[in-house]
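Enquirer:
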Amino acid sequence: MKYAFPDNFWWGSASSALQTEGAREGETTWDYWFAREPNRFHNGVGPQQTSTFYQHWKMDIQLLKQLNHNSFRTSISWARLIPDGIGEVNPEAVDFYNQVIDELNEQGITPFITLFHFDMPMAMQEIGGWENRDVVDAYARYAQICFELFGDRVLHWFTFNEPIVPVEGGYLYDFHYPNVVDFRRAATVAYHTVLAHAQAVRAYRAGHYAGEIGIVLNLTPSYPRSQNPADVKAAHIADLMFNRSFLDPVLRGEYPADLVALLKSYDQLPACKPEDGFLIAEGKIDLLGVNYYQPRRVKCRDSAVNPQAPFMPEWFFDSYEMPGRKMNPYRGWEIYEPGIYDILVNLRDNYGNPRCFISENGMGVENEQRFIENGQINDRYRIEFISEHLAWLHKGISEGCNCLGYHMWTFIDNWSWCNAYKNRYGFIQLDLETQQRTIKKSGEWFAATALNNSFEKE
Ligand code: BGP
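Note that the sequence shown covers residues 504 to 961 in the numbering used here.
Given below as C-alpha cells:
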C-alpha cells in the first residue's frame with residue numbers, strides 16, 4: 504500500500520544545542536554536574552564530546568539537504584548566547600546562530616527553534632533554577648532577545664522541549680541535576696516552567712512577529728491494565744501528572760481542575776500569585792510539537808503506600824508490564840506504534856484539533872557497527888520503526904487529525920544526557936574519533952520518503 508502525505512508536509516529531524524554543538528563559554532548544569540560526578544554518565548563521557556556542530560554546521564546542513572529535509576529543529580543554547588543567563592549577549596554566539604539560520608533558509612530547510620532543551624545556565628541554577636521566579640524573568644528576557652535577533656528569519660519557535668523531563672529528572676527521580684527528590688519542589692519547577700512559557704508567548708505576541716510559537720511536549724499515553732475502575736483511575740492520574748500538567752495550560756490556558764484538587768489535598772501545590780492565571784491563559788500556543796517514544800502502562804497499586812516515604816506520583820499507580828510487549832531492549836522502552844495515533848485522536852477530540860506535528864520519534868540502538876554491510880549501517884529495524892509509526896500517523900491524518908509533519912530524533916548520532924553514545928539514534932553514523940559522518944540505510948530511506956512525500960509498505 505502507498506502512504507501519501509499532504510502537500511507541504513514537514514519532513515525533518517530534531518536535535519539540541521547541548522547534544523551537538525560542543526564547547527562553549529557559559530557553563531550549564533550538565534557541565535557542572537559532569538565535572539563533579541562523571542560516574543553518573545555512561546562510560547564517563549560528558550557533554551564536551553559532541554558531534555561538533557559548532558565547527559561543522561555547514562557540512563551538517565549539507566547532509567540535511569542530502570536527506571531531503573525541508574525542516575529541521577534545533578535549540579539555541581541560553582548559556583552560549585548569554586553566558587551568565589541574565590547579562591551581556593555574546594556576539595560570537597549571535598554570529599553563530601545567524602549563520603546557521605541563514606544557511607538553513609538558503610538551503611530550503613525551514614528552521615524550527617527551541618529556546619530551552621534541558622540546558623540550564625549554571626549561573627541560573629545557582630540562584631535556584633526554575634524554583635526561583637527571577638529565573639522565569641531571566642528566561643523571558645532571553646526569549647525576547649532571541650525573537651529580536653532571529654525572529655525575522657525563524658518562523659517556528661518552541662519555548663521548551665519536554666518540560667516535564669527536567670521536573671522528573673531533577674526533582675523526582677534523580678537523573679538530572681540538581682538530583683532532588685521532593686514533589687512540592689518538582690511541582691514548583693513545573694509551575695514556573697509554565698509561567699516562563701507563557702511569558703515568552705506574551706513577549707512574542709507583543710512583538711507582532713511574522714511566525715508562530717509553540718512548545719514541544721513528550722506525550723506518553725497512559726493505558727490502564729484493564730477497565731476496572733481502579734486501573735482506569737490510576738491511568739487517569741498518571742495522565743494528569745505527566746501529560747496534562749503541561750498540555751492543558753498550553754492548549755486550554757488552564758490547569759485541569761482535578762489535578763489541582765488532587766495536589767491540594769496532599770498539600771503539594773506550589774505558591775501561586777493571583778495574576779498567574781491571566782498569564783497562563785495568555786500562553787496558548789499556535790503549534791504543538793509532540794515527541795513520542797513509548798506508552799505508559801499502569802495499574803492500581805498492589806500495596807499500601809508507606810506514609811513516611813516521600814510523596815511521589817507512584818502513590819497513585821504501579822507501572823504495568825504488559826505480557827508480550829514489544830521492546831527496544833537497548834533503551835528499555837516499549838515500542839507501541841498505535842500510540843502515535845491515539846495521541847493525535849485525543850488532540851483532535853479533546854483539544855480542538857490543534858496544529859501539531861511529530862517533533863521527535865526514534866529508536867536508540869547499541870553497537871550498530873555489527874550491522875555494517877559494505878561500509879554502511881543497514882538499520883532495517885529503524886526503517887521498520889519509522890514506517891510503522893508513519894502508517895499510524897497517516898491513519899490519523901486520514902481521519903482528520905491536524906498533523907503537519909514528522910521529525911525524527913535525530914539526524915546524526917549524538918550525545919545523550921546520561922547515556923552518552925550508548926544508544927545511537929541518527930540517520931547518519933558518527934565516528935567519534937574522526938568525526939566522520941556516514942549515511943545509514945535509514946537515512947537513504949527517509950530521503951526517498953521525503954522526496955516522494957510518500958512511501959510503500961505491505
Ligand atoms: C528526548 C529528548 C532528546 C533525546 C531523546 C532520546 O526525550 O528530547 O534530547 O535525548 O529523548 O532519549 P535518550 O537520549 O535519553 O535516549
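From the three backbone atoms N, C-alpha and C, an ideal C-beta is built for every residue, glycine too.
The model shown is predicted, which means the values in this text are computed figures rather than measured ones.
Beta carbon of S862, beta carbon of V719: below 9 Å?
Expert: The answer is yes: Cβ separation under 9 Å.
Enquirer: Quick check on this structure: which residue in H711, R644 and A741 has the alpha carbon closest to the alpha carbon of Q702?
Expert: R644
Enquirer: On the DSSP bridge list, what partners appear for G792?
Expert: V719 and F860
Enquirer: Please determine, among N608, Y854 and Y712, the residue with the shortest C-alpha to C-alpha distance to R755.
Expert: Y854
Enquirer: Three Cβ pairs or more, each shorter than 8 Å: is that satisfied between the region 632-640 and the region 686-703?
Expert: yes
Enquirer: Can you name the residues that DSSP bridges to H910?
Expert: Under DSSP, H910 forms a beta bridge with G515.
Enquirer: With distances taken Cα to Cα, identify the nearest neighbour of W560 among F874, V603, Q569 and Q522.
Expert: With distances taken between CA atoms, W560 lies nearest to V603 out of F874, V603, Q569 and Q522.
Enquirer: Let me know the secondary structure DSSP gives W660 once reduced to three states.
Expert: strand
Enquirer: Checking 9 Å against the spacing of the C-beta atoms, do Y642 and A596 come in under that value?
Expert: no
Enquirer: Measure the CB-CB distance between L743 and L762 and report whether it falls below 9 Å.
Expert: yes
Enquirer: Pick out whichever of D655, F653 and T696 has its Cα sitting closest to the Cα of R662.
Expert: The sequence given here places Thr at residue 662; Arg does not occur at that position. Considering only alpha carbons, the answer is T696.
Enquirer: With DSSP as the reference, please indicate the residues paired to E824 in a beta bridge.
Expert: In the DSSP output, where bridge partners are listed per residue, E824 has none listed.
Enquirer: Would you list the residues sitting across from N831 in a DSSP beta bridge?
Expert: Looking at the DSSP assignment, N831 forms a beta bridge with W836.
Enquirer: Could you give the DSSP three-state label for N853: helix, strand or coil?
Expert: helix
Enquirer: Go to P614, then tell me how far its beta strand (DSSP E) extends in each direction, as first and last residue.
Expert: In the DSSP assignment, P614 falls within the beta strand (DSSP E) that extends over T613 to T617.
Enquirer: Would the C-beta of E778 count as close to the ligand BGP, meaning under 8 Å from any of its heavy atoms?
Expert: no
Enquirer: Assuming A923 is part of the alpha helix (DSSP H), what are its boundary residues?
Expert: Premise fails: A923 is in no alpha helix (DSSP H) and is neither H nor E.
Enquirer: Spatial neighbours of Y535 within its chain, please: C-beta separation below 6 Å, excluding the five flanking residues on both sides.
Expert: For Y535, same chain residues with a beta-carbon under 6 Å away, outside a window of 5 residues either side, are M625 in chain order.
Enquirer: Roughly how many whole angstroms lie between the Cα atoms of K787 and Y707?
Expert: If you take the alpha carbons of K787 and Y707, they lie about 12 Å apart.
Enquirer: Tell me the DSSP bridge mates of L933?
Expert: R940
Enquirer: Since I889 and K943 are thought to touch, with beta carbons under 8 Å apart, how far apart are those beta carbons, to the nearest angstrom?
Expert: Here I889 is actually not in contact with K943; their C-beta atoms are around 12 Å apart, not less than 8 Å.
Enquirer: Taking 8 Å as the cut-off, does the region 567-582 touch the region 670-679 (at least 3 CB pairs, one atom from each stretch)?
Expert: no
Enquirer: Restricting to Cα atoms, I'd like to know which of P614, D598, Y909 and I886 is closest to L847.
Expert: Y909
Enquirer: Per DSSP, what kind of secondary structure is S806 in: helix, strand or coil?
Expert: Coil.
Enquirer: Put S450 into one of helix, strand or coil per three-state DSSP.
Expert: Outside the displayed span of the chain (504 to 961) sits residue 450, for which this structure offers no information.
Enquirer: Cα-Cα, which of M830, P727 and F914 is closest to Y884?
Expert: M830
Enquirer: In the DSSP assignment, the beta strand (DSSP E) including K505 goes from what residue to what residue?
Expert: K505 to A507
Enquirer: Please list, in chain order, all residues of the same chain as G878 whose beta carbon is under 8 Å from its beta carbon, the five residues on each side excluded.
Expert: Close CB contacts of G878 within its chain, under the 8 Å cut and outside five residues either way in sequence, are with T941 (chain order).
Enquirer: Note the first and the last residue of the continuous beta strand (DSSP E) segment covering F958.
Expert: Where F958 is concerned, the enclosing beta strand (DSSP E) stretches over S957 to E959.
Enquirer: Which ranges does the alpha helix (DSSP H) cover as unbroken runs of at least 4 residues, wholly within the region 536-609, from first to last along the chain?
Expert: 556-569, 581-584 and 594-609
Enquirer: What residues are listed by DSSP as bridge partners for T982?
Expert: Not covered by the structure: residue 982. The range shown for the chain is 504 to 961.
Enquirer: What is the rounded straight-line gap between the Cα of W660 and the Cα of D789?
Expert: 10 Å
Enquirer: Have a look at the DSSP bridge pairing and note the partners of S725.
Expert: Looking at the DSSP output, S725 sits in a beta bridge with R799.
Enquirer: Quick one: grab the DSSP three-state call for I900.
Expert: Of the three classes helix, strand and coil, the one that applies to I900 here is helix, per DSSP.
Enquirer: When the Cα of A646 is compared with those of G588, L607 and P666, which residue comes out closest?
Expert: G588
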